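Structure first, then comments.
In my numbering, the protein residues as written are 2 to 78.
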């Protein structure tokens, strides 16, 4: 990133920065085939899967996890 662009971003309000991040994220998502995940992602996923395989009782369903996340975000507000 060049200094001019960084300076422009610095001048944005927090709300404008969030909109910029959202737009950047949407553009990246549209081009997701062009972006390879870092090698370490596979390692972390494999380690998580191994931990779950070793002790499935420590895992939780996506529905329960999603409920906890939604509940946490409501309490932050």
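Heads up, the beta-carbon is just placed ideally off N, CA and C, and yes, glycines get one too.
These numbers come from a predicted model, not from an experiment.
{"Item": "Every unbroken alpha helix (DSSP H) within the segment 20-72, with a cutoff of 4 residues, ordered by chain", "Value": "40-55"}
{"Item": "Straight-line gap, residue 76 to residue 34 (C-alpha atoms, nearest Å)", "Value": "Below a pLDDT of 50, predicted positions are generally treated as unreliable, and residue 76, at 48, falls in that range; the measurement from the model is reported next regardless. Going by the C-alpha atoms only, they are around 36 Å apart."}
{"Item": "Simplified DSSP assignment, three categories, for residue 13", "Value": "coil"}
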